[in-house]
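Inspection log for the structure reproduced underneath, given as structure tokens.
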Amino acid sequence: MNALRSGVVKTVSLDRERDIASARYAVSKVCDELGARALRKVRFVTAVSEVARNCVDHGGGGWLDIEILRKPTRIGVRCIDEGAGIPNIEEAMRDGFTTAGSMGKGLGGARRLVDIFEISNRPSGGLEVRLVSAL
Amino acid sequence: MAEAASVYLVERVLLVAIRDNITDTEIMNLQEELSDRIVAEGARGVVIDIAALEIVDTFVGRVLAQLSSMARLLAAETYVVGMRPAVAMTLVELGMDLSGSKTALSLSHALRRLRRDGLA
């Protein structure tokens, strides 16, 4: 269905915990439609799960856009929350950094699993994380 | 709870199959249910089948590791079985080796080991 499309192909809202599973499922489906290799898919969906959980647990919720990039064909995700953002992004990316009693491997781990990882505070507030992976 | 995972007691071993769409709260509840049942049913082993899980992220990985540590304190050995190869590679990249859990390739493999150790 997405064989010839590019740009944003689906948006998943991230308000509740259940939405993290929905985001994983939606991204996994697009990976399948694009013929992604098993390891690429698992790495990317795992990264998406970390970023989506961060959005729901720490960002007060938001949404996630799934996009298809061309030449070469790749999959991307843009996850945006409406929280307070992160004051010190470099520190937050370090393994072991946590403010919530969790393990603190989430965002740093996600960065290792994708080809492009961009994270920034949005001018209008909230955090934006972008992930891109080859297939 | 019944939707997120099924739990059966066989030969003093709790067999747990986790469903793919399990949420963070459900897996935390499962951890609590298992700790109760290990004691209540005198289980000596726990076998957690994750074959249905397409991915294991840091949250689920941490809960699996904690579950194994907790079971050990309650005198039960935990085996994680059915991990997909791509999941194993991804977990290593995340820096999570589930060092507290024993692993086996399949349910029957785990049961053979538990029997060998006199736990099943």
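Chains as they are written, first to last, in UniProt numbering: chain A, 1 to 135; chain B, 1 to 120. For every residue, glycine included, the Cβ atom is placed at its ideal position computed from N, Cα and C.
Report the three-state DSSP secondary structure of Met-1/B (helix, strand or coil). Here Met-1/B scores only 45 on pLDDT, less than 50, and its place in the model is too uncertain to base an answer on.
Next on the checklist: One question on the structure: do Arg-19/B and Ala-4/B come within less than 7 Å of each other, judged by their Cβ atoms?
Outcome noted: Yes; because the gap between Cβ atoms is below 7 Å, this pair is in contact.
Next on the checklist: Please state the DSSP three-state secondary structure of Val-56/B.
Outcome noted: Note: Val-56/B maps to coil in three-state DSSP.
*CB contact below 7 Å: Gly-39/A versus chain B*: The sequence given here places Leu at residue 39/A; Gly does not occur at that position. Chain B contact via Cβ: present.
Practice prompt. Pull up the distance between the alpha-carbon of Val-51/A and that of Gly-106/A, whole angstroms please.
Written response: Taking the straight line joining both Cα atoms gives about 7 Å.
Q: Determine the extent of the alpha helix (DSSP H) in which Glu-26/B is found, giving its start and end residues.
A: It spans 24-40 - the alpha helix (DSSP H) in which Glu-26/B sits, taken as one unbroken run.
Identify the contact partners of Ser-49/A in chain B, using a Cβ-Cβ distance below 7 Å as the criterion. Those within 7 Å of Ser-49/A in chain B are Ile-55, Asp-57.
With which residues is Thr-73/A paired in a DSSP beta bridge?
According to the DSSP secondary-structure assignment, Thr-73/A is paired through a beta bridge with no residue.
Closest to Ala-40/B by C-alpha separation, out of Arg-116/B, Ile-27/B, Ala-75/B, Ile-50/B, would be which residue? Nearest option by C-alpha distance: Ala-75/B.
query: Any contact of the segment 19-27 of chain A with the segment 45-53 of chain B, i.e. 3+ C-beta pairs under 8 Å?
result: By the C-beta criterion, the segment 19-27 of chain A is judged not to be in contact with the segment 45-53 of chain B, since fewer than 3 inter-stretch pairs fall below 8 Å.
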